[in-house]
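One structure is given here, and the rest of the page talks about it.
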Amino acid sequence: MEEVFDVIVLGLGANGSSALYHLSGTGKKVAGIDRFTPPHAFGSSHGQSRIIRQAYYEDPVYVPFLKEAYRCWSEIESVSGKQLFLKTGGLMLGKEDAAVVTGARLSAETHGIAYEYLSFSELQKRFPALNPPSHTVGVLEKEAGILFPEKCITTFLEQAQKNGVSLRYEEMVLNIIPQDDKIELITSKGKYHTEKLIISAGAWAGSLAAGIGLHLPLTIARQALYWLTNRNSRSQPYFLPQNLPVYIWEYLPGKMFYGFPDLGAGIKIAYHHAGQPVKPDELTQKVSPQEIDDIMEIAANYFNMDPAFHSSSVCMYTNTPDSNFIIDYHPEYKNIIIASPCSGHGFKFSSLTGKLLSEMATGEKTTLDISPFSLARPSIW
Ligand SMILES: Cc1cc2nc3c(=O)[nH]c(=O)nc-3n(C[C@H](O)[C@H](O)[C@H](O)COP(=O)(O)OP(=O)(O)OC[C@H]3O[C@@H](n4cnc5c(N)ncnc54)[C@H](O)[C@@H]3O)c2cc1C
301 MEEVFDVIVL GLGANGSSAL YHLSGTGKKV AGIDRFTPPH AFGSSHGQSR
351 IIRQAYYEDP VYVPFLKEAY RCWSEIESVS GKQLFLKTGG LMLGKEDAAV
401 VTGARLSAET HGIAYEYLSF SELQKRFPAL NPPSHTVGVL EKEAGILFPE
451 KCITTFLEQA QKNGVSLRYE EMVLNIIPQD DKIELITSKG KYHTEKLIIS
501 AGAWAGSLAA GIGLHLPLTI ARQALYWLTN RNSRSQPYFL PQNLPVYIWE
551 YLPGKMFYGF PDLGAGIKIA YHHAGQPVKP DELTQKVSPQ EIDDIMEIAA
601 NYFNMDPAFH SSSVCMYTNT PDSNFIIDYH PEYKNIIIAS PCSGHGFKFS
651 SLTGKLLSEM ATGEKTTLDI SPFSLARPSI W
C-alpha cells in the first residue's frame with residue numbers, strides 16, 4: 301500500500317516527536333515513523349533525566365535558543381497539563397580557569413543571565429553533598445534543572461496524535477528516494493510519498509543521509525550512565541533535589557562528569573564525552589565491572605557519600621567535529637531537512653528544535669536564525 305503525506309518525520313526521539321507536535325498544528329497531512337516504539341532505550345533520549353541550563357559554557361550563541369526552548373517547554377507543559385521540568389538550579393564546577401566555569405560566566409554576562417560565583421568555602425557550606433578539591437569554584441544558575449526525557453517524548457507524541465498526526469511504530473525506513481518534487485520512502489511495512497521529509501534519526505542519521513548522497517562527518521559514541529545509592533544515611537538528605545542542583549564538573553582540564561540529585565533511585569552520574577565509538581545497531585546496555593568501579597571512585601572522591609551501585613544504562617552521543625548541532629536542508633534536495641547530530645547536549649533544545657523543523661518544513665521564517673548549525677560551516681569539514 302502506498303500512502304501520501306505533506307510531511308513525514310523519520311525518527312521520533314527528542315527532536316522528531318517535538319517536530320511532529322509542532323507540525324500537528326499546521327493543517328498539513330503529517331506522519332511520524334519510528335523503527336521502535338518511542339520512547340525507547342535504543343537511541344539517545346532515554347535515562348530518566350536531562351540537564352537544562354542557560355549559562356551555556358559551550359558558546360553564548362546557544363543562549364537565545366535556550367531562552368526560546370524554555371518558553372517552548374513551558375508551552376507544552378501548559379497544553380498537556382504535565383510536569384516535564386523540575387527546577388533545581390545548576391552548578392558548573394572546576395578550577396577558576398576551567399572551560400565550564402569561564403564559559404558559563406561568559407554566556408551569563410553576554411546575555412544577562414543571573415548567576416552566583418561561589419568560592420570553595422561557599423560551595424562546601426551551601427552544598428554539603430559536594431566534596432570539592434580546594435581549588436574548586438562554582439557558577440550557580442538558578443533557572444537550571446531537569447527534564448524528564450521519556451515523559452517529554454510521550455507528551456509530544458500524545459499531543460500530536462490528538463491533533464490528527466499519524467504515528468507509525470515498529471516500522472523501519474529502509475530507503476529514501478528523492479524524486480522531482482517529492483520523496484519516496486520504502487519501509488519495512490510499505491511505501492510512502494511525501495512532499496517534505498525531516499530526518500531526525502539520531503545516531504542513524506548518518507547512514508540514512510549517506511543513502512541520499514550526503515556523507516555527514518559524524519561519530520557515534522557509547523555513553524554509560526549510572527545510578528548510585530548512598531550507604532551513609534547521615535549525608536543522604538544532602539542529595540535530595542532541594543539540596544543538590546544538577547551539575548557539570550570539570551575535574552581535570554577538558555574532562556567532565558555530570559549528574560543529578562537523587563530522584564528516588566540514587567544519584568545519576570556519568571562522564572560527558574570520553575565514550576568509545578560504537579555502531580548504533582550494536583549498542584548493548586552492558587557495562588563492565590571496571591566501569592562501575594571507576595564511577596564509584598569518582599563519586600566517593602567528589603561527594604560526601606558512601607556509594608553503592610544501583611543500576612546503569614547505555615546511550616549514544618552523535619558527535620560533530622565542532623560539537624555543534626546540524627539543522628539544515630539537504631544541500632541538493634531542499635525538501636529534505638536534517639536535524640539530529642546533537643553532540644550530547646541536544647535534549648534541552650528539542651522543544652524548540654521541533655518548532656524550527658516544523659517551520660522549515662512548512663516554508664515559514666524560522667523563529668531564530670539557524671545559520672550557526674549550517675551544513676556549510678567549515679568547522680565540521
Ligand atoms: C547519556 C546521555 C546523556 C545526555 N544528557 C543530556 C543532557 O543532560 N542535556 C541535554 O540537553 N542533552 C543531553 N543529551 C543529548 C540528548 O539526549 C540528545 O541530543 C537527544 O536526545 C537526541 O535526540 P534525537 O531525536 O536526535 O535522537 P533519538 O532520540 O535517538 O531519536 C532518533 C530516533 O530515530 C529512530 N530511527 C533511526 N533510524 C530509523 C529508521 N531507519 N527508521 C525509522 N526510525 C528510525 C530511532 O528509533 C529513534 O527513536 C544526552 C545524551 C545521552 C546519550
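Residues in the sequence shown are numbered consecutively from 301, following my numbering.
Even for Gly, the Cβ is constructed at its ideal location relative to N, Cα and C.
Does any heavy atom of ligand 1 sit closer than 7 Å to the C-beta of V578? no
Pull up the CB-CB distance for G502 and H572, whole angstroms please, since I reckon it's below 8 Å. In fact, because the Cβ distance is near 18 Å, the residues do not count as touching under 8 Å.
Can you list the beta strand (DSSP E) stretches of 3 or more residues lying completely in the region 517 to 585, in chain order? 519 to 530, 546 to 552, 555 to 560 and 567 to 572
Would you call the region 499 to 515 in contact with the region 356 to 371, where contact means no fewer than 3 C-beta pairs closer than 8 Å? no
Who are the near neighbours of P672 in its chain, counting only those whose CB is closer than 7 Å to its CB and skipping five residues on each side? V361 and N624
Under the three-state reduction of DSSP, which class applies to S466: helix, strand or coil? If DSSP states are grouped into helix, strand and coil, S466 belongs with the strands.
Less than 8 Å separating the beta-carbons of A510 and Q576? no
For the beta strand (DSSP E) containing A610, list its first residue and its last residue. It should be noted that the sequence gives His, not Ala, for residue 610. Run containing H610: P607 to N619, per the beta strand (DSSP E) assignment.
6 Å Cβ shell around I483 - same chain, five flanking residues per side excluded: T494 and L497
Could you compute how far the alpha carbon of E441 sits from the alpha carbon of E422? 15 Å
Do you know how far the Cα of N604 is from the Cα of I638? Each residue's alpha carbon lies about 44 Å from the other.
7 Å CB neighbourhood of Q461 in its chain, flanking five on each side removed: Taking Q461 as the centre and dropping the five residues before and after it, the same chain places the C-beta of L467 closer than 7 Å to its C-beta, in chain order.
K655 classed as buried or exposed, judged by whether at least 16 other C-beta atoms fall within 10 angstroms: Within 10 angstroms of the beta-carbon of K655 lie 16 or more other beta-carbons, which makes it buried.
What is the DSSP secondary structure of M660, counted as helix, strand or coil? helix
Considering only residues of the same chain and omitting the five flanking positions on each side of E450, which have a CB-CB separation below 6 Å? Within the same chain, and ignoring the five residues on either side of E450 in sequence, the residues whose Cβ sits closer than 6 Å to its Cβ are P339.
Please report how far the alpha carbon of N601 lies from the alpha carbon of N431, in whole angstroms. 7 Å
Could you please give me the residues that DSSP links to V309 through a beta bridge? G332 and I498
Contact set for F557: own chain, Cβ-Cβ below 7 Å, skip 5 residues either direction: Excluding residues within five positions, the ones whose Cβ falls inside 7 Å are W549, Y551, I569, A570, Y571, H572 and I598.
Is DSSP giving G445 helix, strand or coil here? strand
Report whether the distance from the Cβ of F365 to the nearest heavy atom of ligand 1 is below 7 Å. no
On the DSSP letters alone, give me the boundaries of the beta strand (DSSP E) that E416 sits inside. E416 to L418
Whole-angstrom Cβ separation of I670 and I627, contact assumed at under 8 Å? 5 Å
Any heavy atom of ligand 1 within a distance shorter than 7 Å of the CB on D334? For D334, the CB falls within less than 7 Å of some heavy atom of ligand 1.
Own chain residues within Cβ distance below 6 Å of I592, not counting five before or after: F609
Given that a residue counts as buried once 16 or more other Cβ atoms are within 10 Å of its Cβ, and exposed if not, what is N530? buried
What's the gap between the Cα of F539 and the Cα of A676? 44 Å
Closest by C-alpha distance to P589, when choosing among Y526, K328, A505 and S674: Y526
Reference G412, options G389, F456 and K367, closest by Cα: K367
Among the candidates I333, A369 and T653, whose CA atom is the shortest distance from the CA of S488? Sorting I333, A369 and T653 by C-alpha distance to the C-alpha of S488 places I333 at the top.
Classify L675 as helix, strand or coil using the three-state DSSP reduction. coil
By DSSP, does V587 sit in helix, in strand, or in coil? coil
Heavy atom of ligand 1 within 7 Å of M392 beta-carbon: No, Cβ of M392 sits at least 7 Å from all heavy atoms of ligand 1.
Within the present structure, is the beta-carbon of M616 separated from the nearest heavy atom of ligand 1 by less than 7 Å? yes
What number of angstroms, rounded off, separates the C-alpha of Y321 from the C-alpha of K555? 36 Å
Three-state secondary structure assigned by DSSP to R371: helix
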